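Position one of the sequence shown corresponds to residue 1 (UniProt numbering), numbered consecutively onward.
Written out below as structure tokens is the structure these notes cover.
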Amino acid sequence: MVPAILHRIIHGSATPEPWQKALLTTRPALLPGYRRYRVKGADYPAILPYAPPESSSVLGVVVTGLTEGDVLRLDVFEGTMYEKRIVKVKVPKTKGALEDEDDKSLQKGLDHTAHLTGKQEEDEMEEVEATTYIWTDPEEDLDMGAEWDFESFKRDKLTWWITAPESEL
């Protein structure tokens with residue numbers, strides 16, 4: 001999830017106070033064995049397991065420091081189309097180098113993580129448990145032939161998601 005959207009959901013503002021931002025840490029992460037799909041008629045993606053697992057992974061972030069209230073707000077935001085599941089993700093071994101000191105640092109870490117090759121991934125990444133939201137609504141609601149495009153979302157839709165009235169989210 002884009003940090004500005006995350007903060008909007010849990011803190012009520014896409015630009016949180018420094019103390020609010022300091023409560024969370026985001027790290028680039030790879031979720032092996034899953035694929036991100038476009039939800040028909042929606043701006044947001046869905047993820048599902050993908051076979052064979054070694055042929056696909058989803059690039060995203062692991063967020064730590066969430067309170068029970070934060071998780072509850074995220075659950076409400078995600079709705080009934082998704083189910084929370086514990087998964088194993090790969091994150092950089094060197095926490096400090098790629099943690100979210102600012103959005104540019106996180107983006108740099110995501111770009112680096114996305115381009116790791118097999119040996120680099122093995123050397124630079126470690127496996128941790130995380131909770132994610134897996135699509136549970138019918139697959140007919142997904143465009144199974146098209147992976148959701150994060151760059152297109154950032155270019156075409158992100159501004160709306162961080163500025164739209166809360167009642168429209």
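Each residue gets a CB set at the ideal place from its N, CA and C atoms; glycine is no exception.
Being a predicted model, the structure only gives us computed values, none of them experimental.
Residue of the options minimising C-alpha distance to residue i
i: residue 128; options: 136, 9, 90; result: 90
i: residue 27; options: 151, 10, 3, 50; result: 3
i: residue 86; options: 49, 159, 13; result: 49
i: residue 136; options: 73, 72, 32, 79; result: 79
i: residue 60; options: 41, 36, 9, 140; result: 36
Inter-residue spacing [alpha-carbon to alpha-carbon] between residue i and residue j
i: residue 97; j: residue 124; result: Residue confidence is low: residue 97 scores 43 on pLDDT, short of 50, so the model does not pin down where it sits. No coordinate-derived value is stated.
i: residue 152; j: residue 68; result: 32 Å
i: residue 92; j: residue 30; result: 9 Å
i: residue 150; j: residue 1; result: 10 Å
i: residue 99; j: residue 126; result: Model confidence at residue 99 stands at a pLDDT of 46, short of 50, so the residue's coordinates are unreliable; what they give is reported in the following sentence. In a straight line, the C-alpha of residue 99 is about 14 Å away from that of residue 126.
i: residue 88; j: residue 62; result: 11 Å
C-beta atoms of residue i and residue j nearer than 8 Å
i: residue 38; j: residue 161; result: no
i: residue 154; j: residue 43; result: no
i: residue 34; j: residue 58; result: yes
i: residue 47; j: residue 131; result: no
i: residue 53; j: residue 32; result: yes
Burial state of residue i, where buried means 16 or more other Cβ atoms lie within 10 Å
i: residue 76; result: exposed
i: residue 7; result: buried
i: residue 24; result: buried
i: residue 16; result: buried
Contact with chain C by residue i, beta-carbon distance below 8 Å
i: residue 122; result: In the structure shown, chain C cannot be found, because there is only a single protein chain.
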